[in-house]
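K.L.:
One line per chain: the protein sequences are F and B, in this order.
In this text, residue positions in the first sequence follow the working numbering: the first is 1, and each later residue adds one.
In this text, residue positions in the second sequence follow the working numbering: the first is 1001, and each later residue adds one.
Cβ atoms here follow ideal geometry from the backbone N, Cα and C, with glycine treated the same way.
Keep in mind the model is a prediction, meaning the values are calculated, not measured.
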Amino acid sequence: MSVQTTDYSISEIRSPAAFVASRVFIYGALLFWAFICLFPIYWTITTSFKSAVDVTQGHLIPFIDFQPDWKGWRSLGLSPDSIFQISTVRDEFLKRFMNSVITSVGASSLAIVIGSLAAYGLVRYRYKFAWFKNEDISFFFLSQLILPPVVLALPFLVLYREVGLLDTRIGLILLYTLMVLPIVIWIMRDQFNSIPVELEEAALVDGLSIWGAFFRIVMPIALPGMVAAFILAMVLCWNEYFFAALLTSTDAKTIPVMVASQTGSQGINWWAMAALATAAIAPLAVIGIALERYLIMGMTAGSVK
Amino acid sequence: MAEQTSTANAWPSNPAGLIPAGRKRLGWGLLGVATLGLLAIIVVQILYKTEMSTVGFDTWRPVVYAYILWGIALGAWQVLTRGEEGQRALFLLPALLFTIAMVIFPTLFGFYIALTDWNLSSFSGRKFNGLDNFWQMLGDPYYRNALLNMVFYVLAVLVEYVIAFGLALLLNAQIRARKFFRVVFLLPLMLSPVAVSWMVGKSLMEYRFGPAATLARYLGWENPAFFSDPITARISIMILDAWTFIPFMMIMLLAGLQAMSREVLEAARVDGATAWQTFWQVTFPLMLPVSVTAVILRIIFKLKLADIIITVTSGGPGGATDSVSSFIYREYRDRSNVGYGTMLAMAYLVIIVVFVTWLLKFASRFVRNVN
Chain F
1 MSVQTTDYSI SEIRSPAAFV ASRVFIYGAL LFWAFICLFP IYWTITTSFK
51 SAVDVTQGHL IPFIDFQPDW KGWRSLGLSP DSIFQISTVR DEFLKRFMNS
101 VITSVGASSL AIVIGSLAAY GLVRYRYKFA WFKNEDISFF FLSQLILPPV
151 VLALPFLVLY REVGLLDTRI GLILLYTLMV LPIVIWIMRD QFNSIPVELE
201 EAALVDGLSI WGAFFRIVMP IALPGMVAAF ILAMVLCWNE YFFAALLTST
251 DAKTIPVMVA SQTGSQGINW WAMAALATAA IAPLAVIGIA LERYLIMGMT
301 AGSVK
Chain B
1001 MAEQTSTANA WPSNPAGLIP AGRKRLGWGL LGVATLGLLA IIVVQILYKT
1051 EMSTVGFDTW RPVVYAYILW GIALGAWQVL TRGEEGQRAL FLLPALLFTI
1101 AMVIFPTLFG FYIALTDWNL SSFSGRKFNG LDNFWQMLGD PYYRNALLNM
1151 VFYVLAVLVE YVIAFGLALL LNAQIRARKF FRVVFLLPLM LSPVAVSWMV
1201 GKSLMEYRFG PAATLARYLG WENPAFFSDP ITARISIMIL DAWTFIPFMM
1251 IMLLAGLQAM SREVLEAARV DGATAWQTFW QVTFPLMLPV SVTAVILRII
1301 FKLKLADIII TVTSGGPGGA TDSVSSFIYR EYRDRSNVGY GTMLAMAYLV
1351 IIVVFVTWLL KFASRFVRNV N
């Protein structure tokens, strides 16, 4: 999505006073909402450096209101003075963190591979399986989006136990792939639709096979779309809680489950929780800021012609 | 989405006559062997599990492997017997086989579980009890309450839509630092709902010294308990959920606004329309298709709402904030009631499918009338 400079509003000015008023209103509203978006994040990050007294007295600004301290991060084993010491909490945290990384990257990759292939097929060729045509197959894939996790959760719990996939990362990867597949197909269909079919026709004339044309010609063009779909899928998988809470217990537990289990306990250490929450959201916040363009591209696919 | 399929159809397809008979036989042979193998493993495993034979595997995992091998054989069969037609089918097959295995089978299995009396914590195991769960569900006030809550939660989408539209208009106005504001407004969507429920629900809105509670006291609300009486608790949950998901609609609406042609807006202004008139008579009607897409997608996501409720209130006080998903989650987690929980989930699935189908029909008529 490109940012267009809109010069039409300048000519709308009726008087200088009205112009100033509208500017004040617009920037006021923007800053107000920016505050609403940022304050919880700011609060969490600063709280991870507070001691109990600073929390209860509602101190907000570091160095002026309170003296920051590595307290929260020390309890996670991630502060400068404890990073080289042995810490069971840190080991636990890193294990959960790696589980989250592996499941979300694994599921997103798998979904991108099979989803892109399916989307390409659906856009370019006409299928007929029994009485199912392209539209029906597309609808079948996209309708999975409606399926609430709670419907699949219990059957999967039983099935996974029978198959021996309960509390494994592979089990989670398969489920997450299923969860993001409709979204990937939705985005990639839009991508492939925007590629002119003449490119592939030329490739076929030059002697490439269908699959050769797909890998050598279409894939490179559709790569930005794939990145967009991948990142959106990553975000959804990383934040997923419901399946992870039901289907994992010790080995494959992910970060959200760890965060949730900590909040459940009474007498929470605020600084420790804040540090944990910060660590849990940091990777995605960074991705969101750095790759915002792709995220927006993924989210707006197909909605605007 | 425009279909380009018809143009692609013009490509010459490989006439079936060019494929040698031997290759076809190989394909059929391969598929036959794979199918027999899959069936054989399933039968062996069923016999073993029902203790009618002593040969078998501890878990059903070999059946999964057999299914994967069968899928590969199916692909090979397509290519061997149908040539280029088969190669085309190969694009679709992995996703299709995957989704069918992951959805159809568990859902059917789910319908069976729904008809059983099965409590994981009791020793009696699973036994078929027909429609008992269904009758129990009809008389369950908590489930009805959860369904009613879902109606409120879905209606809250309209408020979210208004805010998201306002934000999209702000971002589309002529402003400096647009990219900064866009990134900041997008951030809440990135954050895991579980972390958000601690950050906002459990610390910012904390009764004693959360900043939100302090602010509420300052503004004159003497007893700012966000999660203790039913209505306030519901609204708090809605606010939490809205905070994370408003950016989603905002981004879609913003894309719609940026795709709108400038000429129409110019024309409206030349005709002397005020900003207010321009919005209601030009911008809003033109944005209707995008708006409908955004709202429907948001409703679909809203129907899955669970994480925040599970982690912040666990459905409390007294089930007042329960969504259907969080209620079923606790039915399973706390009471291990698999049979009954699955019946609730299946009933919810039927309700959702009917509702969303109606919604899509309604929306398509609505959008067409305007255009």
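1) Under the DSSP definition of a beta bridge, which residues are partnered with T1116 of chain B?
2) Is the shortest distance between the beta-carbon of I296 of chain F and the beta-carbons of chain B less than 8 Å?
3) Could you give the DSSP three-state label for F66 of chain F: helix, strand or coil?
4) Got a sec? Which residues, its chain only, sit under 8 Å from A1242 of chain B by beta carbon, not counting five neighbours each side?
5) I think G212 of chain F touches F1091 of chain B, with their Cβ atoms under 8 Å apart; what is that distance to the nearest whole Å?
6) Using three-state DSSP, classify F132 of chain F as helix, strand or coil.
7) Going by C-alpha to C-alpha distance, which of B:L1096, B:F1248, B:S1053 and B:L1093 sits closest to E292 of chain F?
8) Over what stretch of residues does the alpha helix (DSSP H) that includes Y1332 of chain B continue unbroken?
9) Spell out whether any CB of chain B is found under 8 Å from the CB atom of T44 of chain F.
10) Which partner residues does N1337 of chain B have in the DSSP bridge list?
11) Three-state secondary structure (DSSP) at V1353 of chain B?
12) Which word fits A280 of chain F, buried or exposed, when buried means at least 16 other C-beta atoms lie within 10 angstroms of its C-beta?
13) Given this structure, state the Cα-to-Cα distance separating T1116 of chain B from V101 of chain F, to the nearest angstrom.
14) What separation, rounded to the nearest whole angstrom, lies between the Cα atoms of F1152 of chain B and L1303 of chain B?
15) Could you check where the alpha helix (DSSP H) with P207 of chain F kicks off and where it finishes?
16) Just to confirm my understanding: we take A290 of chain F, look at its own chain, exclude 5 residues before and 5 after, and list those with CB closer than 6 Å. What are they?
17) In chain B, which residues lie with their C-beta within 7 Å of the C-beta of Q144 of chain F?
18) Can you tell me whether D190 of chain F is helix, strand or coil according to DSSP?
19) Any Cβ of chain B within less than 8 Å of the Cβ of N239 of chain F?
20) Answer with yes or no whether the minimum CB distance from V1151 of chain B to chain F is below 8 Å.
21) By the DSSP assignment, the alpha helix (DSSP H) with T1244 of chain B in it spans what residues?
22) Taking a cut of 9 Å between CB atoms, which residues from the segment 38-65 of chain F lie near chain B?
23) Against L1204 of chain B, what residues of chain F qualify as contacts under a CB-to-CB distance less than 7 Å, listed in chain order?
24) Rounding to the nearest angstrom, what Cα-Cα distance links A1173 of chain B and L1191 of chain B in this structure?
25) One question on the structure: do C37 of chain F and F1134 of chain B come within less than 8 Å of each other, judged by their Cβ atoms?
26) Within the 8 Å Cβ cut-off, does P155 of chain F reach chain B?
27) From T1274 of chain B to L1265 of chain B, what distance separates their C-alpha atoms?
28) Spell out whether any CB of chain B is found under 8 Å from the CB atom of F242 of chain F.
29) What residue range does the alpha helix (DSSP H) around A1173 of chain B cover?
30) Within 10 angstroms of its Cβ, does M1199 of chain B collect 16 or more other Cβ (buried), or is it exposed?
31) Using 8 Å as the limit for Cβ to Cβ distance, is G115 of chain F near chain B?
32) Taking the beta carbon of L1108 of chain B as the centre, do at least 16 other beta carbons fall within 10 Å, making it buried, or is it exposed?
33) Does the CB of W1198 of chain B have a neighbour CB from chain F at under 8 Å?
34) Would the segment 183-203 of chain F count as touching the segment 138-148 of chain F if we require 3 or more Cβ pairs under 8 Å?
35) Whole angstroms is fine: what's the gap from N1119 of chain B's alpha carbon to H59 of chain F's?
36) Would you tell me roughly how many angstroms separate the C-alpha atoms of T250 of chain F and V259 of chain F, rounded to the nearest one?
P.N.:
According to the structure data:
1) B:F1128
2) yes
3) strand
4) A1156, V1159, E1160 and I1163
5) At roughly 13 Å, the Cβ-Cβ gap does not stay under 8 Å, so G212 of chain F and F1091 of chain B are not in contact.
6) strand
7) B:F1248
8) V1324 to R1333
9) yes
10) B:N1119
11) helix
12) buried
13) 38 Å
14) 11 Å
15) Checking the displayed sequence, the identity of residue 207 of chain F turns out to be Gly instead of Pro. No alpha helix (DSSP H) holds G207 of chain F; DSSP gives it neither H nor E.
16) none
17) T1099 and V1103
18) helix
19) yes
20) no
21) P1230 to A1259
22) L38, F39, P40, I41, W43, T44, T47, V55, T56, Q57, G58 and L60
23) P40 and W43
24) 27 Å
25) no
26) yes
27) 11 Å
28) yes
29) Careful: A1173 of chain B lies outside any alpha helix (DSSP H) and carries neither H nor E.
30) buried
31) yes
32) exposed
33) yes
34) yes
35) 49 Å
36) 14 Å
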